[in-house]
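**Student:**
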Amino acid sequence: MLRRVGGAVGPRSAHEPSAYAERVLEVVAQVPAGRVMTYGDVREWLGESSPRAVGVVLAHHGHDVPWWRVVLADGRPAPVGRERALARLAAEGVPVEDGRVDLAAARWDGRPPA
DNA sequence: AGTATGACGGTTA
DNA sequence: CTAACCGCCATAC
Numbered sequence: 005m006l007r008r009v010g011g012a013v014g015p016r017s018a019h020e021p022s023a024y025a026e027r028v029l030e031v032v033a034q035v036p037a038g039r040v041m042t043y044g045d046v047r048e049w050l051g052e053s054s055p056r057a058v059g060v061v062l063a064h065h066g067h068d069v070p071w072w073r074v075v076l077a078d079g080r081p082a083p084v085g086r087e088r089a090l091a092r093l094a095a096e097g098v099p100v101e102d103g104r105v106d107l108a109a110a111r112w113d114g115r116p117p118a
């Protein structure tokens, strides 16, 4: 799992992600390349929270996780950095059509790829 | 401590 | 098919 990237695991900045936020980041970090997940799916994995909360967490602490693999329920990337996300997704081989990910084909069911 | 905001989702019009 | 509204809940101020 992707713990801190800054080296030491000890004391970090004052704005350390809460346990809840880490849980969200954890899930997103597990999404394999070439696959995507919706905010609602992440929420389902967590068993609680709400898609909005997931978005807020990613917006503030998603810098270290493949946030572009988390898309809206309709298959479109989040409004912020949508271009960047589409480029990344396409590069990973995710089926994208007219700015929308083909969820039927790329939606990750949470099962290990291998 | 209370209020406002936001990388959303689903329903209704 | 598109547009608008409400509900949701952690985070920021």
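Position 72, counted from 1, in the first sequence is what the working numbering calls 76; the numbers after and before it change by one each time, with no gaps. Think of the CB as a built atom: it goes at the ideal place given N, C-alpha and C, for glycine as much as any other residue.
Tell me the DSSP secondary structure of P81 in three-state form.
**Tutor:** strand
**Student:** Per DSSP, what kind of secondary structure is E101 in: helix, strand or coil?
**Tutor:** strand
**Student:** Could you check if A33 belongs to the surroundings of the ligand SAM, using beta carbon to heavy atom distance under 6 Å?
**Tutor:** This structure simply doesn't include the ligand SAM, nor any ligand for that matter.
**Student:** How many Å lie between E96 and P36 at the Cα?
**Tutor:** 10 Å
**Student:** Distance check for D45 and E101, CA to CA, integer angstroms please.
**Tutor:** E101 and D45: Cα-Cα distance of roughly 21 Å.
**Student:** On the three-state DSSP scale, how would you describe V75?
**Tutor:** strand
**Student:** Count the other CB atoms, across all protein chains shown, that sit within 10 Å of the CB of V84; report buried if there are 16 or more and exposed otherwise.
**Tutor:** exposed
**Student:** On a CA-only basis, which of R104, R39 and A25 is nearest D113? Give me that one, please.
**Tutor:** R39
**Student:** Per DSSP, which residues does R111 bridge with? Please list them.
**Tutor:** Answer is V40, bridged to R111.
**Student:** Throw me the rounded Cβ distance for the R80 and G103 pair, which I believe falls under 8 Å.
**Tutor:** Indeed, because the Cβ distance is near 6 Å, the residues count as touching under 8 Å.
**Student:** Would you kindly report the start and end of the unbroken alpha helix (DSSP H) that includes E26?
**Tutor:** A23 to Q34
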